[in-house]
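Taking the UniProt record's numbering, the leading residue of the sequence shown gets 19, the next gets one more, and so forth.
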Amino acid sequence: SAPARTKKHMLKLVILGDSGVGKTSLMNRYHSNKFTGQYKATIGADFLSKHVSITDQTGNVRNVTLQIWDTAGQERFQSLGVAFYRGADAVALVYDVGDAKSFDHLDNWRGEFLRQVGIDEIGANFPFILLGNKIDRPEGERQVPRQQAEEWCQRAGLGSMGGPIPHFETSAKTAENVEGAFLELATLAVLHE
Ligand code: GDP
Ligand code: MG
19 SAPARTKKHM LKLVILGDSG VGKTSLMNRY HSNKFTGQYK ATIGADFLSK HVSITDQTGN
79 VRNVTLQIWD TAGQERFQSL GVAFYRGADA VALVYDVGDA KSFDHLDNWR GEFLRQVGID
139 EIGANFPFIL LGNKIDRPEG ERQVPRQQAE EWCQRAGLGS MGGPIPHFET SAKTAENVEG
199 AFLELATLAV LHE
């Protein structure tokens, strides 16, 4: 019989999106349950690690280390480079629900990732999730209706993982949906192995 595939113990998760949407804040909220409210364009590390237990498709509980990769702010000025994307097991695309431009740029982020890692964009079968962050903003500041984001997920996810890209509206400030979103991201990475 065929040898069992070796399961990974480390999963690389990459967070992508425009500068200012809250990528670093989401990572810090998930990793350390902290929110500073300060804008800090650079961080020291390339990634933060977190140990979690994930239930895979056979119902087995898997203990894995998530390596969560965040940019050091260079997304404002330059391309992130292939080392940032290489070996990613799943990607969270982030926009700000109060910033329509950050939503319009999602296709660029998705396309740039797929190009850099050499995945055919048309038949892309890669685990993405979509996070609409800053849902704690006053409703009057919302520029991206939930429906519009869900339509994007239908289009961008066509033929990918057999369904639309999962969508979460999150707040790094209040922690709303942050844990659930990262758990879904890690689970997709495990299922995609
Ligand atoms: P990044 O450039 O994508 O890494 O964004 P940051 O995490 O640095 O956040 C940019 C700014 O948005 C900072 O001032 C954060 O405090 C703020 N911010 C991040 N997430 C949220 C959120 O969920 N709600 C609100 N109200 N502000 C947020
Ligand atoms: Mg940042």
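Backbone N, C-alpha and C define an ideal beta-carbon position, used for all residues, glycine too.
Nothing here was measured: the structure is a model prediction, and the numbers come from that model.
Near the ligand MG: residue i beta-carbon under 8 Å from a heavy atom
i: Gly91; result: yes
Residue i versus residue j - alpha carbon distance
i: Ala174; j: Gln166; result: 12 Å
i: Gln172; j: Ala204; result: 21 Å
i: Val208; j: Asp125; result: 24 Å
i: Leu98; j: Ser67; result: 20 Å
i: Asp64; j: Gly180; result: 32 Å
Own chain residues within Cβ distance below 7 Å of residue i, not counting five before or after
i: Arg160; result: Val115, Gly116
Own chain residues within Cβ distance below 6 Å of residue i, not counting five before or after
i: His210; result: Pro145
i: Asn46; result: Lys52
Minimum C-alpha distance to residue i - residue among the options
i: Tyr48; options: Glu93, Gly198, Gly181; result: Gly198
i: Gln85; options: Val32, Thr73, Val196, Arg164; result: Val32
i: Asp36; options: Thr89, Ser50, Lys26, Asp74; result: Thr89
i: Asn81; options: Val196, Leu176, Lys26; result: Lys26
Same chain, Cβ closer than 8 Å to residue i, neighbours up to 5 away in sequence not counted
i: Glu202; result: Ile147, Pro184, Phe186
i: Glu168; result: Pro182, His185
Check: residue i C-beta below 8 Å from any heavy atom of the ligand GDP
i: Ala199; result: no
i: Ile147; result: no
Inset, instruction - Take every Cβ of the segment 91-109, pair it with every Cβ of the segment 118-135, and state whether three or more of those distances are shorter than 8 Å. - result: The segment 91-109 makes contact with the segment 118-135, as at least three CB pairs between them are under 8 Å.
Inset, instruction - Decide yes or no for the touch test of the segment 185-196 against the segment 150-158: beta carbon pairs closer than 8 Å, at least 3 of them. - result: When Cβ pairs closer than 8 Å are counted between the two stretches, the segment 185-196 is seen to touch the segment 150-158, the count reaching three or more.
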